[in-house]
Every structure is written in structure tokens, then in C-alpha cells.
Amino acid sequence: MANYPDKKGRFGIFGGRYVPETVIYALDELEQFYKKIKTDRGFKREHSDLLNNYVGRPSPLYFAERFTNYLKQAKIYFKREDLNHTGAHKINNT
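Quick note on this note's numbering: the sequence shown kicks off at 135 and runs consecutively.
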């Protein structure tokens, strides 16, 4: 599967963006602006700062000591995205 949509905005057999027709213009405008700014150093710096200090990315790994001891086979780590400032479900679905 391709990482980018084809000319019709579709990602392989899985389709494309399914949003109300009333927001298509705004999304197209946002897409064009992002394409212009995505390589700008200031934008990258601000984006990275927001990911680190607001979203909580990258999410740290926590060693699950008691679970590891219980299993006695491997070291277990948890990726605690539930601790993100906004809640993982919001950020991961954006």
C-alpha cells in the first residue's frame, strides 16, 4: 500500500478522505499551505516543540517490572500513550 494517496485522493483499496463536502475546500487549502511550509525550519522547530511539550511525543517507554517478573521470559515495556496531555485517542486520530 502506498504511503500517499493517488490522484483521486485514495489510499489503495482503502479509499481516501471521507468528510462532509462543506469542508473539502478548507482541507484543500490546508493541504496546499502545508505543502509550502513543511520544509521551513521555523515550522519544523515549532512542530517538534509542540510534539515534545504538548502532545508528549515521542511517548516514553516504562519498564513493567512486576509484569516482567510474573512472566519470567522477557522484559516488558509499556508505551503509555494514555498519559499524553490530550489523550492518545485524539492525537492518534488526527
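The C-beta atom is built at its ideal place from N, Cα and C for all residues, glycine as well.
Terminal residues of the alpha helix (DSSP H) in which residue i lies
| i | result |
| --- | --- |
| Leu205 | 199 to 205 |
Residue i to residue j span [Cα, whole Å]
| i | j | result |
| --- | --- | --- |
| Gln207 | Leu184 | 38 Å |
| Leu164 | Ser193 | 27 Å |
| Phe212 | Asn203 | 14 Å |
| Gly146 | Asp174 | 30 Å |
| Gly143 | Lys178 | 25 Å |
| Asp140 | Glu180 | 29 Å |
Minimum C-alpha distance to residue i - residue among the options
| i | options | result |
| --- | --- | --- |
| Arg214 | Phe197, Tyr204, Tyr159, Gly176 | Phe197 |
| Asp216 | Glu199, Val189, Lys209 | Val189 |
Run of the beta strand (DSSP E) containing residue i, from where it starts to where it stops
| i | result |
| --- | --- |
| Ile213 | Reading off the sequence, residue 213 comes out as Lys, not Ile. Counting along the chain, the beta strand (DSSP E) containing Lys213 begins and ends at 211 to 213. |
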